[in-house]
Ligand SMILES: [Zn+2]
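Numbering (this note's numbering), first residue to last: 9 to 343.
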């Protein structure tokens, strides 16, 4: 950002005025992307909400967490960039090397074409606590036609089930949770593999109300299904989540480094759009600078706070959401 210092000061003020009294002392972020410069082809950069990053390493993560959560003890579940054009093996190796299972936990990017035996051996050797599949790894000409079961074939799910792994699931298809095939396959996945812990990233990509209402209801009775709130800036979606699924199933996730970019996701006519001051392939760009922004992350925290206050949820809920629920399966965050 060109106005780096002004940006920092604005955010510091938002933290002090709106967030400091709300965010617990301990924050365990279950949705963080980390990648070294060997992950990307030479000369390429990843568009992270506007800023283009050639790498996002553990040192940078540490510094950013200290800046955006001042004085907090921060843990993170980390994984790479799940795109077939990047070096999956190198990214996995880097992520595993930076995770100690005390304050950093690693998920392994998984391609459905991989041999399940090799995935299993690699998970054990690398100390990974879970898997990160992604629709793009299915390599269909029409990405919109990818199915969950194609992202997570039987052999790989058998490994996740046997080792009790997390499966961080970014659901495919244009309809997201509105798509009945997705909901059916989520139910099948969780029921068939009760040893796996499935996390629906971004509340099933429900960045707008219709993406959640009427659909989360169908999924609330699955005991091994969790929901992370990464990039959800919408207080009503969060209210619906918090009132619909059991309170031990909701997890704070950010989507750092994308969440550190300036911008906001807004609902428009039963859809959503990212609005950013910098050009980004996925956003509507406010090139005229009509409004002043904070980060997607702070918009997430504001929306979480608003939902909690409107529902009058107890402090224990907030503590569990920000760290207690994840600690129950990762172990206490220390560091
Ligand atoms: Zn993500």
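Virtual Cβ for every residue (Gly too), placed ideally from N, Cα, C.
task = Have a look at 43, 89, 235 and 119 and flag the residue whose alpha-carbon is nearest the alpha-carbon of residue 37.
result = Measuring from the Cα of residue 37, the nearest candidate turns out to be 235.
message = Am I right that residue 206 and residue 164 are in contact with their C-beta atoms under 8 angstroms? What's the rounded C-beta distance?
response = About 13 angstroms separates the two Cβ atoms, so there is no contact after all.
request  = Kindly indicate which residue of 202, 201, 209 and 158 has the alpha-carbon position closest to the one of residue 189.
outcome  = If we check each option's Cα against that of residue 189, 158 comes out closest.
request  = Would you identify the three-state DSSP class for residue 279, choosing helix, strand or coil?
outcome  = Judged by DSSP in its simplified three-state form, residue 279 adopts strand.
query = Do you know offhand how far residue 266's Cα is from residue 305's?
reply = 9 angstroms
query = Curious, which full-length beta strand (DSSP E) runs of at least 3 residues does the region 159-197 contain?
reply = 174-177
key: Inter-residue CB distance, residue 185 and residue 219 (contact presumed, cutoff 8 angstroms)   = 6 angstroms
ask   = Just reading off the beta strand (DSSP E) that residue 41 is part of, what are its end residues?
value = 34-41
query = If you count every other CB in all the chains shown that lies within 10 Å of the CB of residue 291, and 16 or more means buried, which is it?
reply = buried
request  = Assign residue 286 to one of two classes, buried (16 or more other C-beta atoms within 10 Å of its C-beta) or exposed (fewer than that).
outcome  = buried
query = Near residue 82, what residues of its chain come up, given a Cβ to Cβ distance below 6 angstroms and the 5 sequence neighbours on each side ignored?
reply = 35 and 73
ask   = What is the DSSP secondary structure of residue 284, counted as helix, strand or coil?
value = Under the three-state reduction of DSSP, residue 284 is assigned to strand.
key: Cβ neighbour criterion (16 or more within 10 Å) applied to residue 10   = In this prediction, residue 10 has a pLDDT of 49, which is less than 50 and means its spatial position is unreliable; nothing more can be read from the coordinates.
ask   = For the candidate residues 271, 32 and 111, whose alpha-carbon lies nearest to that of residue 240?
value = 271
ask   = Which partner residues of residue 55 appear in the DSSP bridge assignment?
value = 60
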